[in-house]
Amino acid sequence: MSSVQVASAHLAGSNHSDDRTFSSDSFVVMLDGASAYRPVPVPAAVYAQHLGNYLTASLDDDPQADLIGVLRAGIQAAVTELDLQPGCSPSSTVTILRVLPERTDLLVLGDNLVVTPDEQITDSRMDQLDLAPRHEYRERLAAGEGYTEKHRELLRELQDQQAAARNREGGYWIAEAVPKAAEHAVTRTWTTNRPAWFVLATDGAYEPMRHLGHNDWPAIAQSSPEKLRAILERCHAWESNSDPDAKALPRAKQHDDKSLTAVRTTL
Numbered sequence: 038m039s040s041v042q043v044a045s046a047h048l049a050g051s052n053h054s055d056d057r058t059f060s061s062d063s064f065v066v067m068l069d070g071a072s073a074y075r076p077v078p079v080p081a082a083v084y085a086q087h088l089g090n091y092l093t094a095s096l097d098d099d100p101q102a103d104l105i106g107v108l109r110a111g112i113q114a115a116v117t118e119l120d121l122q123p124g125c126s127p128s129s130t131v132t133i134l135r136v137l138p139e140r141t142d143l144l145v146l147g148d149n150l151v152v153t154p155d156e157q158i159t160d161s162r163m164d165q166l167d168l169a170p171r172h173e174y175r176e177r178l179a180a181g182e183g184y185t186e187k188h189r190e191l192l193r194e195l196q197d198q199q200a201a202a203r204n205r206e207g208g209y210w211i212a213e214a215v216p217k218a219a220e221h222a223v224t225r226t227w228t229t230n231r232p233a234w235f236v237l238a239t240d241g242a243y244e245p246m247r248h249l250g251h252n253d254w255p256a257i258a259q260s261s262p263e264k265l266r267a268i269l270e271r272c273h274a275w276e277s278n279s280d281p282d283a284k285a286l287p288r289a290k291q292h293d294d295k296s297l298t299a300v301r302t303t304l
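Taking this note's numbering, the leading residue of the sequence shown gets 38, the next gets one more, and so forth.
Given below as structure tokens:
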């Protein structure tokens, strides 16, 4: 029987975290609820929790279930339970990694990162949008402008433009209030030569990790929860002490939520 050995660590960017990670002996689900700079009907953390609960229960009930179908149904359940409307609701990235006796399945929707011994997998469609507010806020931070009211104004403009491109052709796809977004997820299946390990990370973790050179992925894959948390704490401390105004590493806020999970597969 196949199984996974999972080690996870989380670090909230502020008083609470919008990240969620769920795991069993055969799957891991990681979600990163998006911070909202415009009002939304429920917090991103509530949306991510509802969606994660549904995905976990579905995979527990039917370990062989089609991952796209599970995610589609999970988004629909969140829409119904939370009374959500497309374009003005919280959203979340989704990663599902499932290890079965005959195969390993992966689904990625949004910019979570998945690292294997051979490759790095993500969904970069939102980052590929050529949106002026994103360029401008990063340029201003790199120039030393810091987190000013103008910065917050640009973030609101950016989210308005992202919402206009969300879950439509030519834009990008994310878990929000459109169930068919699941059909546009990045998927992979390994039936032979399955990777011996995976590392899953939200962007709040992997961006400072890369910047600081904490990207020895084979070593990270073998790490304990305590070692994973130590990596995240070093990133957090650097953001506070060495780059509080995001000049060296331009980012929307000083600290994003950080989630890091190491998965080792066994047969």
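Using N, Cα and C, we set each Cβ at its ideal position, and we do this for glycine too.
Open item on the list: Measuring alpha carbon to alpha carbon, tell me which residue in 266, 143, 43, 95 is nearest residue 134.
Closed with: From the listed residues 266, 143, 43, 95, the smallest Cα separation to residue 134 is found for 143.
Open item on the list: Is it the case that the segment 206-226 contacts the segment 109-126, given that we only count it when at least three CB pairs across the two stretches are under 8 Å?
Closed with: The answer is yes - the segment 206-226 touches the segment 109-126, with three or more Cβ pairs under 8 Å.
Open item on the list: Below 8 Å, how does it come out for the segment 175-195 and the segment 284-298: are there three or more Cβ pairs, yes or no?
Closed with: Output reads yes: the segment 284-298 touches the segment 175-195.
TODO: Counting only the same chain and skipping the five closest in sequence on each side, list residues whose C-beta sits under 7 Å from that of residue 227.
DONE: For residue 227, where only same-chain residues beyond five positions count, the Cβ hits under 7 Å are 140, 141.
Task: residue 121 to residue 129 span [Cα, whole Å] - done: Taking the straight line joining both Cα atoms gives about 13 Å.
Task: Residue ranges of each alpha helix (DSSP H) within the segment 250-284, 4 or longer - done: With a minimum length of 4 residues, the continuous alpha helix (DSSP H) runs that stay inside the segment 250-284 are 254-258, 262-278.
Open item on the list: Within 10 Å of its beta-carbon, does residue 22 have 16 or more other beta-carbons around it, so buried, or fewer, so exposed?
Closed with: Not covered by the structure: residue 22. The range shown for the chain is 38 to 304.
- [ ] Determine the DSSP secondary structure at residue 87, reduced to helix, strand or coil.
- [x] Helix at residue 87.
TODO: If I'm right that residue 44 touches residue 262 with Cβ under 8 Å, what's the distance once you round it to whole angstroms?
DONE: 5 Å between Cβ atoms; contact.
Task: Own chain, CB closer than 6 Å to residue 236, minus 5 neighbours either side, in chain order - done: Closer than 6 Å at the Cβ level, and outside the excluded window around residue 236, lie 152, 254, 257, 258, 299.
- [ ] Would you check if the segment 85-103 and the segment 164-174 touch, i.e. whether three or more CB-CB distances between them fall below 8 Å?
- [x] With the cut-off at 8 Å, the segment 164-174 and the segment 85-103 do not touch.
Open item on the list: Our contact map puts residue 269 next to residue 295 with C-beta atoms below 8 Å; I'd like the distance itself, whole angstroms only.
Closed with: Confirmed, about 5 Å.
- [ ] Let me know if residue 101 comes out buried or exposed under the rule of 16 or more other beta-carbons within 10 Å of its beta-carbon.
- [x] Residue environment analysis places residue 101 among the exposed positions, since fewer than 16 neighbouring C-beta atoms fall within 10 angstroms of its C-beta.
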